[in-house]
Amino acid sequence: MAGGVAILDTTLREGEQFATSFFRREDRLALAKQLDSFGVDYIEVSSPVVSESAGEDIRQLRALGLKAKIMAHCRCAEVDVVAALECGAQGINLYQGSSPQLREFSHGRSLAQIAENAVGIVRMLRERGVFVRFSGEDAFRTDTVDLAALFDPIVEAGVQRLGLPDTTGAATPMQVFRRLEYFRDRYHMSMEFHGHNDTGCAIANALAAFEGGADVIDTTVLGIGERNGITSLSGLIARLYSVDKELVAGYKLDELTKLDNMVAQLVGVDIPFNAPITGPTAFTHKAGVHTNAVLRQPQTYEVLDPSDFGLQRRIEVASRITGKAAIRHRADQLGLQLDDAALREATRRIKGLAEQRPISTADVDATLAACQTAVAG
Ligand code: HCA
Ligand code: CU
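Quick note: the sequence shown, position 44, residue 28 per my numbering, numbers continuous.
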């Protein structure tokens, strides 16, 4: 954790809810180790009651002795939390649906019943000295007044963190900001945000939550999760970095690519082209106007420095929209000597060729070699 924001990675819990996820025990352990090495503050796992091997997963995870705290995601039920504690969970993340939709169609309990039940579990956990968080699932489709009526007695009972998940991805950044700010002012306590990406706002909403007072943000690697997932780890890192690099100073940024590749392979997807930082084209500049400026001063068109993430920028030269500066850069990379007239000629030919058909870097290189020969000869 740096600068007041901690990351809770839930790839092992929310991420398992992604359509194509299948994690073996050794995958879970390897992923947890890599997340810990990267520096996430918490790793969330499923409650032992979800399946036969889930309890042993927690035990073996704990045996790794990671720095990250292992938090078990549990229903507000004594059997769930007791089982999680027996397996060595270091904290309990309770959740229960609070929106009218979930109250009616998921669990059928009233707000008063949810509160009464949660208060009992929270008291029991606090008496045992266990860290406990409570989330009102679907918090952003729950009326603020209802949410406060639910949270008040749970806070009173000693809960140490409140969770506000945007379970359906319905919330806008402004709503997230306002609601977090409201609850920060009401309780002055730790708050966690968990944002789904159904409308493409998961990363923006995570930042809004942080700005509104959340001190814990949930992520998964690549953003995998139910439906189209939640805030991605690389997305959150990119977002925070460009606000203030200090916010991500505590994380091993050059390990992000390894993490994303690991999960992409595990769940059988490519890293999306538009993934912040680790997307395959995230640092590729193409248009002549851009490449010209970037070659002089990368910050002209970059808010993220690829070298901070162990990555390199790429100048795409093989297109009709390339320019002389990019072509010169390519000639330099190849160690070719071309004077200005030769460069202009090479650029003219490359652009001309790219008008006719898609071209490759090999075409560019061949043209440069030919122009060099022409000058030399
Ligand atoms: C779920 C719901 C959840 C819980 C988040 C939380 C959500 O899939 O069980 O515990 O804060 O999006 O509401 O992931
Ligand atoms: Cu979720």
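Where a beta carbon is used, it is the ideal one built from N, C-alpha and C, also for glycine.
This one's a predicted model, so the numbers in the text were calculated from it and none came from an experiment.
DSSP places H178 inside the beta strand (DSSP E), whose first and last residues are 174 to 179. According to DSSP, residue pairing for H57 in a beta bridge involves S30, N77.
The beta carbon of D238 lies closer than 7 Å to those of F293, G294 in the same chain, with the five residues before and after it left out. Going by DSSP, G307 is part of no beta strand (DSSP E) at all; its letter is neither H nor E. Taking all protein chains in view, the Cβ of N258 is surrounded by fewer than 16 other Cβ atoms within 10 Å, so the residue is classified as exposed. The C-beta separation of K51 from D20 comes to about 6 Å, placing the pair in contact by the 8 Å criterion. The beta carbon of A277 sits closer than 7 Å to those of T284, Y285, all from its chain and outside the five residues before and after it, given in chain order. Bridge partners of G147 according to DSSP: S119, E176.
In the three-state reduction of the DSSP assignment, R314 falls in the helix class. Of the residues assessed, L224 falls on the buried side of the cut-off, its CB having 16 or more other CB atoms within 10 angstroms. Segment contact: the stretch 123 to 139 against the stretch 58 to 77, fewer than three CB-CB distances shorter than 8 Å; contact not assigned. Per DSSP, reduced to three states, the secondary structure at T331 is helical.
Here L(-8) carries a strand assignment [DSSP, helix/strand/coil].
Within the same chain, Cβ atoms closer than 6 Å to the Cβ of H178 are found at P149, D202, the five residues on either side in sequence being excluded.
Ranking V232, D289, R328 by CA distance to the CA of D25 puts V232 first. V200 is bridged by DSSP to A(-10), E176. Cβ contact annotation for L86 (same chain, cutoff 7 Å, sequence separation greater than five): E121, D122, in chain order. For S30, the shortest separation between its Cβ and any heavy atom of the ligand HCA does not lie below 7 Å. Just so you know, the alpha carbons of A96 and V(-11) end up roughly 32 Å apart. Remark: the C-beta of S119 is in contact range of the ligand HCA, defined as less than 7 Å to any heavy atom. Between the ligand HCA and Y79, a heavy atom-to-CB distance of less than 7 Å is present. For T351, the CB stays at least 7 Å from every heavy atom of the ligand CU. In the three-state scheme derived from DSSP, where H, G and I count as helix and E and B as strand, I98 is classed as helix. Take V287, set aside five residues on each side of it, and the residues of its chain with a beta-carbon closer than 6 Å to its own are S226, in chain order. DSSP, reduced to helix, strand and coil, places T241 within a helical segment of the structure shown. Between the ligand CU and G209, a heavy atom-to-CB distance of less than 7 Å is present. DSSP places P157 in the uninterrupted alpha helix (DSSP H) bounded by 157 to 171.
When the five nearest sequence neighbours on each side are left out, the beta carbons in the same chain lying within less than 6 Å of the beta carbon of A271 are those of I305, in order along the chain.
Ranked by Cα distance from I299, the first of D289, I311, S291 is I311.
E(-2): not part of any alpha helix (DSSP H); DSSP gives it neither H nor E.
Rounded to whole angstroms, the separation of the alpha carbons of N245 and R59 is 32 Å.
Judged by their CB atoms, L(-8) and E40 are not nearer to each other than the 8 Å cut-off. Around the beta carbon of R211, a 10 Å sphere encloses fewer than 16 other beta carbons of the protein chains shown; the residue is thus reported as exposed.
Relative to the ligand HCA, the beta carbon of D122 is positioned inside 7 Å of a heavy atom. DSSP places S344 in the coil class of the three-state scheme, outside both helix and strand. Given a length threshold of 3 residues, the stretch 257 to 286 has no whole run of the beta strand (DSSP E) inside it.
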